[in-house]
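Numbering (UniProt numbering), first residue to last: 1 to 134.
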């Protein structure tokens, strides 16, 4: 339950003339993974924002190992790592169709109140979910 996988196909607009994915385009792939990880656990990011809570990235570390290419079907792996007070951490990886590891990443996000813009404790329904993963 800590893990989630989703597939994303590389679009032409995400690549350079050689058909290689531009390095900045991996960040949206990882975002898709995190949002779908939440959805898979019954949490809608949209609903969370509508209730006044956002989850911005405060730290990310990306390690590029091999290039993704145009039209490849990528699998984005998202794994819950830890949660403490207002922070949540994820380990992520992207694999190609040949199951080759292309990219790894670690993300730290902070729950914030959209009203104040300040860090806040996650809502109880999220805390309950995260307790089941420890």
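Don't be surprised by glycine CBs; every beta carbon is placed ideally from N, CA and C.
A quick note: this is a predicted structure, and the numbers were derived from the prediction, not measured.
Excluding the five sequence neighbours on either side, which residues of its own chain have a C-beta within less than 8 Å of the C-beta of residue i, listed in chain order?
| i | result |
| --- | --- |
| residue 100 | 66 |
| residue 68 | 10, 20, 21, 26, 74, 94, 96, 102 and 103 |
| residue 125 | 43 |
| residue 56 | 109, 110 and 112 |
Just the Cα atoms here: how many angstroms apart are residue i and residue j?
| i | j | result |
| --- | --- | --- |
| residue 10 | residue 22 | 11 Å |
| residue 14 | residue 6 | 18 Å |
| residue 102 | residue 72 | 12 Å |
| residue 3 | residue 88 | 14 Å |
| residue 111 | residue 119 | 6 Å |
| residue 49 | residue 123 | 12 Å |
| residue 121 | residue 86 | 5 Å |
| residue 32 | residue 24 | 14 Å |
| residue 40 | residue 18 | 35 Å |
| residue 105 | residue 133 | 20 Å |
| residue 60 | residue 1 | 23 Å |
| residue 117 | residue 127 | 20 Å |
| residue 12 | residue 47 | 31 Å |
Using C-beta distances below 6 Å, list every residue in its chain close to residue i, excluding the 5 sequence neighbours before and after it, in chain order.
| i | result |
| --- | --- |
| residue 45 | 35 and 38 |
| residue 114 | 52 and 54 |
| residue 130 | 83 |
| residue 62 | 105 |
Could you tell me how far apart the beta carbons of residue i and residue j are, in whole angstroms, since I believe they sit closer than 8 Å?
| i | j | result |
| --- | --- | --- |
| residue 92 | residue 80 | Rounded, the Cβ-Cβ distance is 11 Å, inconsistent with contact. |
Once the 5 residues before and after residue i are set aside, which same chain residues still bring their CB inside 7 Å of it?
| i | result |
| --- | --- |
| residue 58 | 108, 109 and 110 |
| residue 29 | 8, 74, 76 and 94 |
| residue 64 | 23 and 103 |
| residue 16 | 22 |
May I ask you to list the residues that DSSP assigns as paired with residue i?
| i | result |
| --- | --- |
| residue 82 | 89 |
| residue 113 | 53 |
| residue 103 | 64 and 94 |
| residue 8 | 74 |
- Task: Please list the segments of the alpha helix (DSSP H) lying wholly inside the region 16–70, counting only runs of 4 or more residues, in order along the chain.
- Result: Segments of the alpha helix (DSSP H) lying fully in the region 16–70: 26–40 and 45–50.
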